[in-house]
Amino acid sequence: LIGDVVPSLSNLICFVGLRCSQCGESDLRSEASDCNRQVVVDCQESDAVCFTRQTLVGRGENNKMCVSWHAVKAEFPTSTMNSCGETSQGRVRYCTCSANQCNSVAISSQVLLTESFEIALESVAQFSKTEALPPVVKIQPPASLPPPGVPEMPLALRCAMCLESGMSDPTADCSTSAPVLCSAIEKFCLTRQTQHEDATFSMEKRCVSEAQAESFVESSEVRSGCATAKGGLVNYCLCQGDLCNHDALLAQAQISGYDKSVPRIYFVINSIPKLRKESTRIAFHNIDKKDEIFKHRQKQRAKYSKVIVNDKCDQKKIQIQRVLGSTQ
């Protein structure tokens, strides 16, 4: 971004205390690539926003930073707050957001979340219009038709949607979430927690297709359940049911269980009491074993000392017999 445009007082947007992820890396492997190393910075601009830009030209490049909102408008005039866009025939993608560390996830995830949010808003608007219409008079069907007894299947899956970053509690959930209508190819509801280098966590919930889930599922097939990825830095749950990802990740894992083909999710709050109980049990077990070993060794020593005494007695008898034999 080149330069800042001085805002007028009437258009000033103030984001005091905003914190954003910052990085700059090239040599991208794909559009889904994200920065391998990120740092969290405090924004200094009075109208700061978190900004993410991906350039798919040459070696490719990812950039994340704090920027002035008016500088964004100067370079991308059609941009809107908390949304994503593209220029140069899709070779440059960008996203802006106004929540703490909202740009910590990959730009592909940010694009999907903004699209899902727009779909949710359209669904709410359409629902509001439908509610405003006058009530329709119900007509009793003819007696020849069978009574309706089979419930109608929902046209599409609904999932809870949210994105929060900068969380310090590994068991925390999104503070708020909104229901969103999934597309025809999105068959799963996702809840994913990512741990960052500064020991904070980000949480996201949304609709995903099977192809999207294959990018992070470390198993042979995509199925409902909970597991870990990237060496335990990512915990996730996949489910198929109306708003099935509404609960916190820990609650979903306790209900759905864990995927046995990959490492089990490690939850601190659930594991510490079990570990303490197990360590106490092992300690007492070892004490009992030590007592048994000590008693066994005492018996062996007593038995061995008797053998030595007997051997010495036998040797003396043999010597005496030899002496007596020689004198006779």
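Take the sequence shown: its position 151, counting from 1, is numbered 1003 in this note's numbering, and each next residue is one higher. From the three backbone atoms N, C-alpha and C, an ideal C-beta is built for every residue, glycine too.
Cross-strand partners of residue i (DSSP beta bridge)
i: N831; result: Any property of residue 831 remains undetermined from this structure, which presents the chain solely from 853 to 1180.
i: E927; result: Paired residues: none, contrary to the question.
i: G937; result: Y946
i: S961; result: DSSP output for S961 lists no bridge partner at all.
i: T1046; result: S1054 and V1086
i: C1091; result: C1041
i: R871; result: D894
Separation of residue j from residue i, as counted between CA atoms
i: C1034; j: Q896; result: 38 Å
i: S1029; j: E913; result: 32 Å
i: Q906; j: L965; result: 16 Å
i: V891; j: S1108; result: 34 Å
i: Y946; j: T904; result: 5 Å
i: V893; j: G876; result: 13 Å
i: V944; j: V1032; result: 27 Å
i: N915; j: A1065; result: 25 Å
i: W921; j: S1072; result: 44 Å
i: A1051; j: P929; result: 36 Å
i: E883; j: C1089; result: 24 Å
i: S968; j: D1094; result: 16 Å
i: I1121; j: E927; result: For I1121, the predicted model reports a pLDDT of 38, less than 50, meaning its position is unreliable; a value from the coordinates is still stated below. Going from the Cα of I1121 to the Cα of E927 covers about 47 Å.
i: V1069; j: E1062; result: 10 Å
i: V901; j: M1019; result: 19 Å
i: R911; j: G869; result: 34 Å
Per-residue burial, residue i [other beta carbons within 10 Å of its own, 16 or more giving buried]
i: E1016; result: buried
i: Q941; result: exposed
i: K1151; result: exposed
i: D899; result: buried
i: A1036; result: exposed
i: S878; result: exposed
i: Q1021; result: A small correction: the amino acid at residue 1021 is Asp; Gln does not occupy that position in the sequence shown. Exposed is the call here.
i: D886; result: buried
i: V909; result: exposed
i: N888; result: exposed
i: Q953; result: buried
8 Å Cβ cutoff met for residue i and residue j
i: L1009; j: K1057; result: no
i: V1086; j: T1080; result: yes
i: N1097; j: C1026; result: no
i: M917; j: C949; result: no
i: T1046; j: S1054; result: yes
i: S956; j: H1048; result: yes
i: V924; j: S931; result: yes
i: C1014; j: C1041; result: no
i: A1100; j: C1078; result: no
i: S1076; j: C1091; result: yes
Practice prompt. Jot down the residue ranges of each uninterrupted beta strand (DSSP E) in the stretch 1058-1082, minimum 3 residues, whole runs only, in chain order.
Written response: 1077-1081
Discussion item. Please give me, in chain order, every unbroken run of the beta strand (DSSP E) with length at least 3 that falls completely inside the stretch 1005-1039.
Written reply: 1010-1019 and 1030-1033
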